[in-house]
Every structure is written in structure tokens, then in C-alpha cells.
Amino acid sequence: MTTFERRDRRPTAADGSDPALDSLVVLVAESHGYGCRAVPGDVMLLDGPQRLHIGMRNLRQLARQVPRDDWPALVADHVGTIITAIEEPLDLSDFALVRGLLRSRIYPAEARTGRLISRPFAPGLIEAIVADTPTTVRTVVTDDVVGWPVTADQLFAVGRDGVRADGPLECDVIDDTGIRVLEGSTFYAATHLVWLESYLDPGPYGALAVAPTRSTIAACTIRKDTALVSAERLRAFADDAHEDGPGSLTPDLFWWRRGTLTLLERADTGRAQLPQDFLRFVASLP
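Spelled out as C-alpha cells, the structure:
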């Protein structure tokens, strides 16, 4: 039986950087005609025909999944795809043509910008609309939707429908508390929390849920005899998955009720105790 325990972390540089990986980003950027330098926020700023940012945390997570000898190809593909998406933007003017590309994607709240088509999804998370093509996933911004014959609510419904039409996530029941890990080769796993009842019976009390990365979520029906153990195991799972990535979202623990996520514990506070009102609720269960 698989159990959930926090792993010991491998030693890393104080700022998490890897000089070899950073140097590869610089080389690839320069080969495309861009200057490149590190800026605050664990980001590489590329200046050239366009101005763009490369998030290094996600790239490091991707790099950990392949042999070091494959890093040059990985970086060339990653950086090249981002540059191409900026220099050759997708024409989204015709809604009828792009409707089938639209998806609802969950991002950390800090990804929100003034131009991004987004709305709150859960504490610390936002829901955005993206256009998913065979080569890239591009966020939809306010300029793109001028003239589209849909309201904001209708647009998000289209995005969610697109995710659901892609098919279900793979579902594995991991342990004796009934924790289900839901994952797939997709950027949209967290969107499936909207219809979590398709994967488990939340019963009358809802479920505990985590959304550590773009490709993986986990959840468990709340029962009096297992809720606290499940919460601790989900914490450990989310902490490790969020650290590993790629596409980290949040290590936080949520209470899912009828499609709504309530924050139970914010992981970065270091608190080891669930909120007292939730503990009282669990204690009151029959």
C-alpha cells in the first residue's frame, strides 16, 4: 500500500538556480537575437524584437525529469516555443474558428495581470481562458475578445466544456482512506475540481482536495474516522508534488463542497493544525 510521507529534499543552491541551466537559456535566447538577464522573481528577462519573460522555476522542474545531457534540447524547445508564440501570435479574432481551442486553465493568483481574461477560482488560484494549439498554450487577453459574441460567464463555460470534452483524468485510489490521485497529460487537471463528483462520491460533507500542479489533483471524501489522517496525507502529497512540478499551482489544502473550494490550510504558514472550526465539524460527524 502506498502511503504519503514528506520526502527529504535534495540540497540545492540558496536561490534554487543552476548555472548550467541559466547559461543554456542565455545561449538559446542569444541565438534568437535576444539579450537575456536574470531579474527578481526567479525569471529571465529577454530583450530583443519583443520583450518577454522565462519562468525559471518551471524550467528547472522540467529539467529534473530528463537526463542532464538532454538539457540543451529541452531548453531550446522550451525557450524557442515561447519566443515563437510571442513573435507569431495566434489570430483569435474569429470566435467561431477558435471556440474549439478554448480551455479553462487554473493558475496561481500571482499570474493575474490587468489584460488577462480571468476570475477567482479558489483562494490563491485564478481561472483563465487559454487557446490550446498543437504547439503552444496561449492565454486569452482583453484585446482578443473584442467583438466575440459571448459574455464572460459564457466564455468560461465554453472553456470548461472544452476541458471536459478532452476526456477524464486517470484515477488511482492510493490508500485505505480512499484518497484518489487524478492526473493526466494535460495542463487542465485542476479545472476538473469543478466536477469532482464525477470521480468520487463527496457524500453530504464534501471532500478534502489539493491541486499541486497543472497535471495532478488529489481528493478524498470527508469521513469522521479518516478525515484527519487524509488531511495529513494530502498535505504531504501536495507539498512534494508542488515542489517537483512542473506547472506548480499550490500546496494548500481545500475543503470541496458542491464545486466550491474553501481554504483549510495555507501551506506556507508552517501551521501543522487544521482550523478549529473544521476540527469541530469533523468531531460532530455521525
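According to my numbering, the sequence shown is numbered sequentially starting from 681. Where is the CB? At the ideal position from N, CA and C, for every residue including glycine.
CA nearest to the CA of residue i, picked from the options
i	options	result
A899	L805, S784, L941 and G839	L941
F867	L876, L959 and S928	S928
V825	D841, Y787 and L782	L782
D757	L704, R960 and T930	L704
L742	E768, Y714 and D698	D698
W935	A889, D727 and K904	A889
E807	V838, T815 and P747	V838
G715	V759, R740, R844 and L739	V759
F836	V708, C851, P800 and A791	P800
Pairwise C-alpha distance: residue j and residue i
i	j	result
L849	I897	10 Å
Q834	Q745	38 Å
S673	I809	For residue 673 there is no data in the structure shown, the boundaries of the chain being 681 and 966.
V723	I766	17 Å
R687	P931	Residue placement at R687 cannot be trusted, given a pLDDT of 48 that sits under 50; the coordinates are not used to answer.
F958	D841	33 Å
T682	A802	Because the pLDDT at T682 is just 40, under 50, the model does not fix this residue reliably, and the point stays unresolved.
V853	L914	13 Å
V820	L805	17 Å
P882	L954	20 Å
F775	P829	8 Å
A693	R844	No answer about A693 holds up, because its pLDDT of 48 lies below 50 and its placement is not dependable.
T893	H872	12 Å
S798	A832	9 Å
D750	L701	11 Å
P720	L796	22 Å
G939	I762	33 Å
G713	Q730	10 Å
P884	T901	9 Å
L770	R779	13 Å
Bounding residues of the beta strand (DSSP E) (the contiguous stretch that carries residue i)
i	result
E850	E850 to V853
L888	A887 to T893
V817	V817 to T819
Paired residues, beta bridge with residue i - DSSP
i	result
A802	L805
L725	R717 and H733
E945	L933
S784	I809
A899	R860 and A889
S928	T893
V746	None, per the DSSP bridge assignment.
For residue i, the first and last residue of its enclosing alpha helix (DSSP H)
i	result
S773	Premise fails: S773 is in no alpha helix (DSSP H) and is neither H nor E.
G760	W751 to E767
L835	A832 to A845
E710	P699 to S711
R960	Q956 to S964
Buried/exposed call for residue i, threshold 16 Cβ in 10 Å
i	result
T857	buried
A869	buried
T813	exposed
S711	exposed
L732	buried
L965	exposed
A865	One point to set straight first is that residue 865 is Ser, not Ala, in the sequence displayed. Burial call: exposed.
G925	buried
D823	exposed
A753	exposed
E945	buried
D905	exposed
A811	buried
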